[in-house]
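Trainee: The structure under discussion is supplied below as structure tokens; questions concerning it will follow.
In this note's numbering, the protein residues as written are 24 to 168.
Set out below in structure tokens:
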């Protein structure tokens, strides 16, 4: 009888310990002194586009970025040996203002770059300079803090 009570107590204590450990790991970013997990960074856009060699450039949708003080543009390409990429700054009506950045003839056309206070909206224009069909994975992150 006494062994059953000890066993039940140990099982309950182990369960509470496991639950407490899980709660700590889930809330680590809220513990005093720990840096926040996201630091105000969110995924603004995640697009997959396809471009064929010799065809007109592929243009992303217009991406609203006015709420962010900094953006990070990440591009990964599969299926092509090169491409040209242009990041264009647009006004609120979608009118082209300026080219924010140009990446020309990159061998793999993969980049990860940050831009401060980019403006109202951006758009990416991607041109396959390699052979075959390219799949472009474009991720835009925005930072508010």
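Built from N, CA and C at the ideal position, the CB exists for glycine as well.
#1: Cα separation between residue 147 and residue 140?
#2: Tell me which residues share the same chain as residue 48 and place their Cβ nearer than 6 Å to its Cβ, disregarding the 5 neighbours each side in the sequence.
#3: What residue from 75, 145, 150 and 80 has the CA that sits closest to residue 162's CA?
#4: Check residue 28 in the structure and name its three-state DSSP category.
#5: How big is the Cα-Cα spacing for residue 90 and residue 164?
#6: Do residue 82 and residue 158 have their beta-carbon atoms positioned less than 8 Å apart in this structure?
#7: Among the candidates 73, 143, 103 and 63, whose CA atom is the shortest distance from the CA of residue 114?
#8: Note down the Cα distance separating residue 112 from residue 121, rounded to an integer number of angstroms.
Mentor: On the basis of the data shown:
#1: 17 Å
#2: Low per-residue confidence applies at residue 48: pLDDT is 43, beneath 50, and the placement is therefore not dependable enough to give any value.
#3: 145
#4: helix
#5: 12 Å
#6: no
#7: 143
#8: 5 Å
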